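Asker: Below is the structure I would like to discuss, written out as structure tokens.
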Amino acid sequence: SAVISQKPSRDICQRGTSLTIQCQVDSQVTMMFWYRQQPGQSLTLIATANQGSEATYESGFVIDKFPISRPNLTFSTLTVSNMSPEDSSIYLCSVAVPPYEQYFGPGTRLTVT
Amino acid sequence: GENVEQHPSTLSVQEGDSAVIKCTYSDSASNYFPWYKQELGKRPQLIIDIRSNVGEKKDQRIAVTLNKTAKHFSLHITETQPEDSAVYFCAASIKSGGYNKLIFGAGTRLAVHP
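The following block contains the structure:
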């Protein structure tokens with residue numbers, strides 16, 4: 530597995546603002562993923578971040594709302610832009626350990642007021 | 008697209024009993040099926056997985072079975088303990104643009120009563 534950290538662990542933000550979430554892993558990984566977990570719900574994939582290329586977004590998620598950076602093999606950021614209360618969720622990054630396994634970061638609990 | 012259905016949504020057992028959670032998937036090309044345990048306020052934790060070339064895998068008190076023909080797989084927990092109480096998610100892999108991504112079931116909230 531890998532040691533994965535996320536910052537911040539939680540935040541309370543006002544609507545209309547943006548928050549950038551950081552994901553750091555202790556080893557080089559090719560694929561990183563960003564998920565959203567709404568209260569009491571399952572995990573929904575937002576996008577896949579492959580180092581050196583543009584992120585690939587899932588249906589219902591767009592780059593303008595959730596821009597992602599992947600500057601190197603150990604780090605990624607997800608920005609939640611122009612937030613509304615509907616964006617209140619837990620945001621989790623995960624890393625792929627080839628060929629299939631995924632391990633999750635501790636998550637960022639976002640509340641938008 | 009790929010869909011993963013998970014049942015039951017809640018499960019309540021007495022300590023020492025067995026618990027079974029079932030999932031079905033739609034994409035016949037899926038070949039990797041992990042199970043995650045998520046305790047309250049914690050991250051999902053990979054507890055066991057199975058690949059399509061295997062029918063059953065066991066790790067102490069937990070086991071997973073896979074029926075590729077019927078496209079379903081199950082998690083079995085024996086001799087349940089209160090610390091098994093959590094939400095369990097199944098997932099199925101799908102190939103997308105040269106990499107594998109996971110589609111998750113809706114989750115099962117397991118309560119083990121002493």
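Chains as they are written, first to last, in this note's numbering: chain A, 530 to 642; chain B, 8 to 121. Idealized CB from N, CA, C, for every residue including glycine. All figures in this text were calculated on a predicted structure; none of them were measured in a lab.
Note down the Cα distance separating TYR564 of chain A from CYS552 of chain A, rounded to an integer number of angstroms.
Answerer: 12 Å
Asker: Under 7 Å Cβ-Cβ, which residues of chain A neighbour GLY62 of chain B?
Answerer: Chain A residues near GLY62 of chain B: none, gap ~17 Å exceeds 7 Å.
Asker: Against chain D, with Cβ distances strictly below 9 Å, would GLN67 of chain B count as a contact?
Answerer: Of the protein chains in the structure, A and B, none is chain D.
Asker: To the nearest angstrom, how far is the alpha carbon of GLN543 of chain A from that of THR608 of chain A?
Answerer: 14 Å
Asker: List, in order along the chain, the chain B residues whose C-beta lies closer than 9 Å to that of MET560 of chain A?
Answerer: TYR106, ASN107 and LYS108
Asker: Hey, would you say SER598 of chain A sits closer than 9 Å to ALA578 of chain A, going by beta carbons?
Answerer: yes
Asker: Using 8 Å as the cut-off, can you tell me whether the region 53-71 of chain B makes contact with the region 629-639 of chain A, which would need three or more C-beta pairs spanning the two stretches below that distance?
Answerer: yes
Asker: Would you say SER100 of chain B lies against chain A (beta-carbon separation less than 9 Å)?
Answerer: yes
Asker: Leaving aside the five residues before and after GLU63 of chain B along the sequence, list all residues of the same chain whose C-beta is less than 6 Å from its C-beta, in chain order.
Answerer: THR72
Asker: Does ALA584 of chain A come within less than 9 Å of chain B when only Cβ atoms are used?
Answerer: no
Asker: Specify whether the region 20-33 of chain B and the region 570-588 of chain A touch according to this definition: at least 3 beta carbon pairs, one from each stretch, less than 8 Å apart.
Answerer: no
Asker: What first and last residue would you give for the beta strand (DSSP E) that runs through GLN13 of chain B?
Answerer: 11-14
Asker: What's the call for ALA36 of chain B, buried or exposed, on a 16-neighbour Cβ count within 10 Å?
Answerer: exposed
Asker: What separation, rounded to the nearest whole angstrom, lies between the Cα atoms of ASN38 of chain B and CYS97 of chain B?
Answerer: Their backbone Cα atoms lie some 13 Å apart in a straight line.
Asker: So, under 8 Å CB-CB, TYR32 of chain B and VAL11 of chain B are touching, yes? Tell me the CB distance rounded to an integer number of Å.
Answerer: About 5 Å separates the two Cβ atoms, so the contact holds.
Asker: Starting from the C-beta of ILE84 of chain B, find all residues in its chain whose C-beta is less than 7 Å away, skip the five residues before and the five after it, and write them out in chain order.
Answerer: SER25, ALA26, ARG68, ILE69 and ASP91
Asker: Taking CB distances under 9 Å as the criterion, tell me whether ALA93 of chain B reaches chain A.
Answerer: no
Asker: Starting from the beta carbon of LEU53 of chain B, find every residue of chain A whose beta carbon is closer than 9 Å, and list them in chain order.
Answerer: SER530, GLU630, GLN631, TYR632 and PHE633
Asker: So, are the CB atoms of GLN13 of chain B and GLY112 of chain B less than 9 Å apart?
Answerer: Judged by beta-carbon spacing, GLY112 of chain B lies within the 9 Å limit of GLN13 of chain B, meaning their Cβ atoms are closer than that value.
Asker: Report the CB separation of MET612 of chain A from THR549 of chain A in whole angstroms; it is logged as a contact under 8 Å.
Answerer: 12 Å between Cβ atoms; not a contact.
Asker: Mind checking if THR573 of chain A is an interface residue toward chain B, Cβ cutoff 9 Å exclusive?
Answerer: yes
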